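Using my numbering, you'd call the opening residue of the sequence shown number 54 and step up by one each time.
Cβ atoms here follow ideal geometry from the backbone N, Cα and C, with glycine treated the same way.
Computed from a predicted structure; not experimentally measured.
I have placed the structure first, in the form of C-alpha cells, so that the comments after it can refer back to it.
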Amino acid sequence: MENLTAERRHHRAERAGTIGAELSARDIIAVAVTWVDTSGITRVKAVPVQRFPHAAAWGVGAAPVFDAFLLDDSILTEHFAGGPTGDLRLYPDLDRVTVLAALPGWAWAPADRYTQSGTAHPRDSRLLLRRLVDEFGVDGWTLRTAIEFEWNVSRPDPGDPDRFRPATTAPAYGMARLGELSGYLRDVVSLLRDSGVAVEQIHPEYEQGQFELSVAASDPVRTADTAVLVREVIRAAGTAHGLRSVFGPMAAADVVGNGGHIHLSLWREGVNQMSGGSGPFGITTAGQGFAAGVLEHLPALLALGCPSVASYLRLRPSAWAGAYRCWGLENREAALRYISGSVGEHEHAGNIEVKAFDSAANPYLALAGLLAAGRAGIHGEAVLPEPVAGDPDRLAPETRAARGIDPLPGSLADAVAAFESDAVLGAALGAELVDTIAAVRRGEIALFADATPEQITAASRWRY
Ligand code: GLU
Ligand code: MG
54 MENLTAERRH
64 HRAERAGTIG
74 AELSARDIIA
84 VAVTWVDTSG
94 ITRVKAVPVQ
104 RFPHAAAWGV
114 GAAPVFDAFL
124 LDDSILTEHF
134 AGGPTGDLRL
144 YPDLDRVTVL
154 AALPGWAWAP
164 ADRYTQSGTA
174 HPRDSRLLLR
184 RLVDEFGVDG
194 WTLRTAIEFE
204 WNVSRPDPGD
214 PDRFRPATTA
224 PAYGMARLGE
234 LSGYLRDVVS
244 LLRDSGVAVE
254 QIHPEYEQGQ
264 FELSVAASDP
274 VRTADTAVLV
284 REVIRAAGTA
294 HGLRSVFGPM
304 AAADVVGNGG
314 HIHLSLWREG
324 VNQMSGGSGP
334 FGITTAGQGF
344 AAGVLEHLPA
354 LLALGCPSVA
364 SYLRLRPSAW
374 AGAYRCWGLE
384 NREAALRYIS
394 GSVGEHEHAG
404 NIEVKAFDSA
414 ANPYLALAGL
424 LAAGRAGIHG
434 EAVLPEPVAG
444 DPDRLAPETR
454 AARGIDPLPG
464 SLADAVAAFE
474 SDAVLGAALG
484 AELVDTIAAV
494 RRGEIALFAD
504 ATPEQITAAS
514 RWRY
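As C-alpha cells, this is what we get:
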C-alpha cells in the first residue's frame with residue numbers, strides 16, 4: 054500500500070462502506086483487525102462494522118510498543134520500540150476482509166501498520182513482505198508459497214487446565230485417531246472452507262493429539278495472512294468442542310514438536326523453476342540459486358523461522374524437524390527438502406520445503422527472510438552442494454564435516470548471532486527491524502535463562 058493521500062483515504066472509505074454493508078447483511082457485528090508481533094503472536098484491535106469505513110480511511114490506533122512485546126506479554130522497556138509514547142495506525146487490507154465462520158458475528162482483516170503521517174511503519178512485517186515481493190516481481194520472478202500447520206489438541210483437565218493432556222489415544226496417522234475427533238476435524242475443515250481457505254489435506258500426525266493441515270499455495274503475503282486465519286479458525290473450532298490447541302513448537306518437553314514447514318516454488322513467465330531444468334533433479338539454474346541462497350542463510354534465518362527458546366527443544370536430529378543444514382530429495386531429515394511430485398506433475402509440483410521452521414514464527418518475517426535469501430542466491434548464481442540421502446545424524450562426524458553438513462544453530466542465542474551478522478538479511482529487513490528482532494529474541498532468552506525444558510514448554514505452548 055502506498056502512502057496515504059487524501060484521495061486514497063476517500064477511496065478506501067467508500068470501498069469499506071460497501072464491504073461494511075455486505076457484512077451487516079450477513080449479520081456481522083465487528084471486524085477483527087490483526088497484525089503479528091515480533092514474537093510471532095497475533096494481536097488485534099476490533100471495530101464495529103459501522104466504524105469500518107473510518108478505520109479503512111484513518112486506521113485503527115495501536116501503540117508501537119507491541120514491537121517490543123515478548124511471548125509472555127512482558128515488554129522490553131529499555132528498547133526504542135518499547136516506550137509508552139507514540140501511535141501507529143492499523144489499516145485493514147480491504148482485499149482480505151473475511152467472514153470468520155468460526156466466530157459468529159465476526160469478520161477479520163489483516164492490517165498494514167502506518168505512522169500517523171501516513172508513511173509505512175519501518176518495523177511492520179506485512180509491509181516488509183509486500184515490498185520484497187514487489188521488488189522481486191520487478192525482476193520478473195514470482196514466488197508461490199504454502200505453510201503447513203501442525204498442532205496438538207488437548208482436552209483440558211478441570212483441575213489443571215494449562216497442562217497438556219492429549220485429546221487422543223489412537224496411533225500416529227491412525228484412522229482411529231481421526232475417528233476419535235471426527236466431529237471436531239469435520240468442523241475444522243468446514244469452517245476453513247467457509248472462511249475461504251483452500252484446505253488440501255488434514256491428517257493425524259506422529260505425536261499424541263497432534264494433527265496436520267495443508268493448504269493450497271499462493272503468493273507469500275496471502276500465505277502469511279492465511280497462517281493467521283487458519284490458526285484462529287482451528288482455535289475456535291477447538292473451543293466449541295471443549296478442546297484447546299497448542300501452536301507452540303512443543304506441547305511438552307519430551308514430545309515430537311510442531312513444525313511450520315514452508316513450501317516455496319519460484320516461477321518465471323508461468324514456468325516453475327523447480328523442475329524442467331538442467332540442475333539436480335531437474336531444478337533450473339535460477340531455482341537452484343534460490344534454494345542455495347536459502348540453504349546458505351539458514352542459520353541466520355532461524356532467528357525468524359525458529360524464533361523462540363522452545364524452538365530449539367524441537368529442532369533435534371531424527372525428529373523430522375530438519376536439524377542439519379543440508380538438502381535432499383524427499384529427505385525429511387534435511388533442513389531443506391526437495392519435493393519433485395509424481396511423474397507427470399513435476400512442472401507444477403516441484404518445490405522446496407523448509408523443514409526447520411516452526412509454528413512460533415511470525416509468518417510475514419519468515420517468508421520475508423526466505424525471499425531475501427533466495428533472491429541473493431539467484432543473483433549470486435549460488436549452487437547447491439551434493440544432496441543428502443538418509444538421516445545425516447547417522448553419518449560419522451568426519452563424513453558430515455567433509456561434506457559440509459553442519460548442524461543448524463542449537464540455541465536461539467546462536468541463531469541471533471548468525472542473524473545479526475547476515476548482511477543480506479540486514480539489507481532486506483533494515484537496521485531498525487533487525488535490531489528489534491534481535492532485542493526481542495534476547496529478551497526471551499533472558500526470560501528463560503534458568504528455566505527447565507518443562508518450564509519453557511509450559512510457558513510457551515498456549516501462547517501462539
Ligand atoms: N512434526 C515434525 C516437525 O517438528 C514434522 C513431521 C513431518 O515430517 O511432517 O517438524
Ligand atoms: Mg507433518
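Fully enclosed alpha helix (DSSP H) runs of no fewer than 4 residues are not present anywhere in the segment 289-338. Scanning the segment 328-401 from its first residue to its last, the whole beta strand (DSSP E) runs of 3-plus residues come out as 377-382 and 387-392.
Bridge pairing for Gln263: Asn205 [DSSP]. For Ala413, there is no enclosing alpha helix (DSSP H), as DSSP marks it with neither H nor E.
In the DSSP assignment, Ile200 falls within the beta strand (DSSP E) that extends over Trp194 to Ile200.
Taken from the Cβ of Val299, every heavy atom of ligand 1 lies 7 Å or farther away. Comparing C-alpha distances from Arg65 to each of Ala108, Glu497 and Arg367 shows the shortest one belongs to Ala108. Counting every other CB atom within 10 Å of its CB across the protein chains shown gives Ser92 a total of 16 or more, marking it as buried.
For Ala85, the enclosing beta strand (DSSP E) starts and ends at Ala83 to Val89.
Secondary structure at Thr168: strand, using DSSP grouped into helix, strand and coil.
Rounded to the nearest whole angstrom, the CA to CA distance from Leu244 to Ile431 is 39 Å.
Per DSSP, the beta bridge partners of Ile405 are Leu317 and Tyr391. Non-local beta-carbon contacts of Ala225 in its own chain, meaning distances under 6 Å to residues more than five positions away in sequence, involve Tyr259 in chain order. Across the set Ile94, Leu354, Leu185 and Ala220, the C-alpha of Ala220 shows the shortest separation from the C-alpha of Gly236.
Tyr517 is bridged by DSSP to nothing; it lacks a bridge partner. Taking a C-beta distance under 8 Å as the contact criterion, Asn404 and Ile392 qualify as a contact pair.
With contacts defined by Cβ atoms closer than 8 Å, Ile315 and Leu420 form a contacting pair.
Inclusion of Leu147 and Tyr417 in the CB contact set at 8 Å is not warranted, their separation being larger than that value.
At least one heavy atom of ligand 2 lies less than 7 Å from the C-beta of Gly312. Val283 is positioned such that its CB atom lies closer than 8 Å to that of Leu266. Within 7 Å of the C-beta of Glu265 there is at least one heavy atom belonging to ligand 2. The C-alpha of Lys98 lies about 42 Å from the C-alpha of Glu400.
As DSSP reads the structure, Ala160 sits in a beta bridge with Val84 and Val152.
With a cutoff of 8 Å on beta-carbon distance, Ser361 and Ala425 are scored as not near each other.
Distances taken from the Cβ of Glu253 to the heavy atoms of ligand 2 include none shorter than 7 Å. Taking Arg516 as reference, the option from Ala85, Thr95, Thr168 and Ser371 with the minimal CA-CA separation is Thr95.
Separation of Asp120 and Ala449 (C-alpha to C-alpha, rounded to the nearest whole angstrom) is 43 Å. Around the beta carbon of Asp192, a 10 Å sphere encloses fewer than 16 other beta carbons of the protein chains shown; the residue is thus reported as exposed. Leaving aside the five residues that flank Trp161 on each side, the residues in its chain whose CB is nearer than 6 Å to its CB run, in chain order, Ala85, Thr151 and Leu153.
Apart from sequence neighbours up to five positions away, the residues of its chain that approach Leu141 with a beta-carbon distance below 6 Å are Ala115, Pro117, Arg166 and His174, ordered along the chain. Between the segment 435-451 and the segment 374-384 there are three or more C-beta pairs closer than 8 Å, enough to call the two in contact. CA-to-CA, the gap between Asp444 and Phe410 works out to about 18 Å. Measuring C-alpha to C-alpha distances from Trp204 to each of Trp111, Thr195, Arg218 and Gly301 identifies Gly301 as the nearest.
Around the beta-carbon of Thr505, fewer than 16 other beta-carbon atoms lie within 10 Å, marking it exposed.
Under the criterion of beta carbons closer than 8 Å, Gly340 and Gly332 qualify as touching, at roughly 7 Å.
Taking all protein chains shown into account, Asn415 has 16 or more neighbouring C-beta atoms within 10 Å of its C-beta and is therefore buried.
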